[in-house]
Every structure is written in structure tokens, then in C-alpha cells.
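If you read the protein sequences in the order shown, they are chains A and B.
For any residue, its number in my numbering is found by taking its place in the first sequence, counting from 1, and adding 257.
For any residue, its number in my numbering is found by taking its place in the second sequence, counting from 1, and adding 765.
Here a beta-carbon is modelled for each residue, glycine too, at the ideal position from N, C-alpha and C.
Keep in mind it's a predicted model, so treat the numbers as computed, not measured.
First comes the structure, then the notes that go with it.
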Amino acid sequence: MALLLSGCGSWARRSAGPVGWGGADRQDPALSGNGRVLASVVRRDGRDTVLLQEQPSGTVLPLRHFGRLQPHRSPSLSWNGRYLALLVQQGPERRVLIEDRATGRLHRLPLPGGLVPESLSLAADGRRIAIATEGDGRSRVQLYDLTNLLEPDLPAGLPVRGAPATTP
Amino acid sequence: MTLGAGGLVRAVTVAGALPVLLAGCLAPLPQPMVGLNQRLEAAGPARAPSLSGDWLALIVSRGGRDRVELVDLQRQQPVPLPGLERPDAQPLSVAVDGRGERLALVRQLEGRTELVLYRRNLMALQPVPLQPPGVPRRVSLRADGRELAVEVSRQGQWQVDLIAVP
Chain A
258 MALLLSGCGS WARRSAGPVG WGGADRQDPA LSGNGRVLAS VVRRDGRDTV
308 LLQEQPSGTV LPLRHFGRLQ PHRSPSLSWN GRYLALLVQQ GPERRVLIED
358 RATGRLHRLP LPGGLVPESL SLAADGRRIA IATEGDGRSR VQLYDLTNLL
408 EPDLPAGLPV RGAPATTP
Chain B
766 MTLGAGGLVR AVTVAGALPV LLAGCLAPLP QPMVGLNQRL EAAGPARAPS
816 LSGDWLALIV SRGGRDRVEL VDLQRQQPVP LPGLERPDAQ PLSVAVDGRG
866 ERLALVRQLE GRTELVLYRR NLMALQPVPL QPPGVPRRVS LRADGRELAV
916 EVSRQGQWQV DLIAVP
């Protein structure tokens with residue numbers, strides 16, 4: 258029988274903090290597996306733009322790619338925040354991209370024709386990605402194996418410049 | 766026939782670009798997980814995936830109703846979630862931790878939108894209070910299950926709350 262636990266334990270809440278561009282909306286949050294990096298989407302110059310911040314300091318972390326490819330949506334991070342997977346708009350196409358923050362490489366994930374990605378989720382170790390698409394009159398979720406594309410990002414993984422040095 | 770200076774420059778440029786072009790052509794591609802994808806396709810229209818470790822949580826439409834499913838990727842089978850589903854609830858967003866133990870869920874129920882945490886080993890559903898009050902939408906859970914991030918609408922503005930899981 259299912260239990261309904263109400264009022265058990267204490268929920269410590271904190272705001273993700275200011276985004277630095279006035280009172281902008283902040284949406285689509287995603288935490289790295291260790292919780293040290295937060296990705297979210299904020300409205301910047303009228304365009305939805307991914308923002309990467311160290312936690313809990315709120316320090317903005319640099320990204321090499323993704324400029325001029327707005328709007329951004331559905332960010333997803335690996336364990337240490339080494340990989341950021343994101344949906345971007347490239348001309349008329351919405352594409353799935355993964356930035357490797359350790360090497361600066363950008364990986365493009367081609368999808369079968371006619372499928373438009375709506376959201377994604379990157380496994381914390383970077384071995385797989387789940388992509389929700391629309392196309393052929395239905396919505397579907399498909400999984401892709403990334404082991405021949407990405408090195409694993411594990412709790413003892415490569416340190417990422419600009420990211421905190423330790424894991425909890 | 767000999768190359769002029771311009772032709773030589775063009776030839777060197779093309780030769781220099783060849784490795785880059787070839788690397789682009791030969792770059793490894795992500796491999797669709799065919800067996801799992803066929804099973805997911807057969808389960809019905811699906812959206813809002815959350816992938817962590819060997820677990821995939823998603824919202825599947827079946828019989829005109831949306832429901833949360835948790836798939837064990839090792840066994841390629843959905844696992845039961847007793848006590849999570851209510852026929853009158855509409856799931857909006859789901860997130861799973863890396864052990865497949867905790868699921869955070871945003872759902873509409875009885876005219877309101879709520880954030881709940883489900884613990885699979887306890888079959889227990891726990892409301893997550895939002896302070897100050899707001900309307901949640903998308904939720905994400907850390908892979909270690911210790912903290913969730915949720916998008917909350919307050920007074921017409923979307924904010925992100927980070928909430929430690931007790």
C-alpha cells in the first residue's frame with residue numbers, strides 16, 4: 258500500500274539567484290549530477306539563452322559555442338558538468354548539440370529526417386541520451402548510445418576549467 | 766601544365782582542409798538503441814524523458830490518459846510504481862535519480878499543480894512545499910537524488926528553486 262508522507266523531514270529551499278539581466282524569467286533548470294553546476298534558460302536580448310552557473314556561488318561559467326543559435330531549450334548536464342547537451346535553433350532547423358567543456362569540442366547529433374526534437378535528457382555519465390521528438394503525427398522518446406562519441410563523465414572524472422574542483 | 770601562385774594557394778588550402786573535412790565525414794555518430802526504442806515505440810506516444818544511470822522516466826499516453834513510466838534500461842522493462850499514479854492526475858514533468866529510487870513529479874490534480882517526491886522503496890509519495898507559494902512546471906533531479914531544481918511561476922515571473930531533499 259502506498260504511503261502518503263506529509264510534513265515529514267524539512268525541505269531546505271534556496272533560490273537559484275539573480276541571472277544578472279534584471280528580472281528575467283528563468284526556466285528549464287538542469288543540475289549536474291553532483292549538483293555543482295546549474296543550467297537554466299533565461300531571456301537575454303529577447304532571446305532564450307542558456308546560462309551556466311556554479312553552485313552555490315552563482316558564478317557564471319563560460320561556454321564556447323551556442324552563440325547565435327538561440328533560442329535555446331532543454332539543457333542537460335553530465336555528472337561534473339563536463340558535457341552540456343542542448344536544443345538550439347540553427348536556421349529553420351532545431352538541432353541537438355553537446356558541448357564538451359573540458360576540450361571545447363562541439364558534437365552534433367543528427368536525427369532521422371522529419372523528427373523535430375522537443376526535449377532531451379543526458380545521462381549523468383554521458384553514455385546515453387534520451388530525445389523526445391515530434392514527427393509523423395506522434396510524439397516519441399528515443400535513446401542513443403554515446404559511448405563512441407563521449408568519454409564518460411564520472412564522479413572522479415576530468416576536472417573542468419571553470420568548474421569546482423571537488424565533488425561532495 | 767603548371768599551377769600559378771593563386772592555384773598553388775588554392776591547392777594548399779584544399780589539401781589543408783582535407784583532414785578537417787574527412788574528420789567531419791568520419792566522426793563517430795550516436796547509435797540508436799534499437800531494441801529499447803522499439804519497446805518505447807510500442808508503449809505509445811511519449812514525452813518529457815528523464816535519463817539517469819540505468820533508468821529512464823517518461824510520460825506515456827495510453828488509452829487517452831498520460832501516465833508516468835519508469836523503465837529499467839538493463840532489463841529493458843518498465844517497473845511498477847505503486848501509489849504514484851492517480852487516474853485523475855495529469856503528469857506534466859518527471860525526473861529520476863541515478864538509482865531509480867527517487868522520482869520528482871509535477872502534476873495537475875483537483876485543479877491545482879503540485880510538486881511531489883516519490884520514493885520507490887517506500888512506495889511513498891511526499892508533497893514538496895513551495896515557499897513562497899507558486900505554480901511548478903518543469904522539474905529536474907540531481908543524479909545523486911539529493912537536490913531538485915524546479916521551475917516555478919510566481920506573480921507572472923518564472924523562477925528556479927533549488928530544494929534539498931531530506
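Boundaries of the beta strand (DSSP E) harbouring residue 346/A: 340-347, taken from the DSSP string. Counting C-beta pairs closer than 8 Å gives fewer than three between the stretch 848-862 of chain B and the stretch 328-348 of chain A, which falls short of the contact rule. Taking every protein chain shown into account, the CB of residue 267/A has fewer than 16 other CB atoms within 10 angstroms, so this residue is exposed. For the stretch 318-396 of chain A, the full-length beta strand (DSSP E) segments reaching 3 residues or more read 330-334, 340-347, 350-357, 363-366, 373-379 and 385-392 along the chain. Taking one beta carbon from each stretch, the stretch 314-333 of chain A and the stretch 285-305 of chain A have 3 or more pairs nearer than 8 Å; the two touch. Nearest C-alpha to residue 292/A among 914/B, 931/B, 822/B and 856/B: 914/B. Taken in chain order, the members of the stretch 284-304 of chain A whose beta-carbon sits within less than 8 Å of a beta-carbon on chain B are 284, 285, 286, 287, 288, 289, 290, 291, 292, 295 and 297. With a contact defined as Cβ atoms closer than 8 Å, residue 852/B and residue 872/B miss out at about 12 Å. Contact between the stretch 312-327 of chain A and the stretch 369-385 of chain A is not established, with fewer than three Cβ pairs separated by less than 8 Å. In this structure, the beta-carbon distance from residue 400/A to residue 802/B falls below 9 Å.
Residue range 799-808 is occupied by the alpha helix (DSSP H) that includes residue 808/B. Rounded to the nearest whole angstrom, the CA to CA distance from residue 290/A to residue 320/A is 19 Å. Burial state of residue 924/B is buried, judged by a 10 Å Cβ sphere holding 16 or more other Cβ atoms.
With 16 or more other Cβ atoms from the protein chains shown falling within 10 Å of its own Cβ, residue 390/A counts as buried. Judged by beta-carbon spacing, residue 897/B lies beyond the 9 Å limit of residue 880/B, meaning their Cβ atoms are not closer than that value. Around residue 903/B, the beta-carbon contacts reaching into chain A at under 8 Å are 284, 285 and 286.
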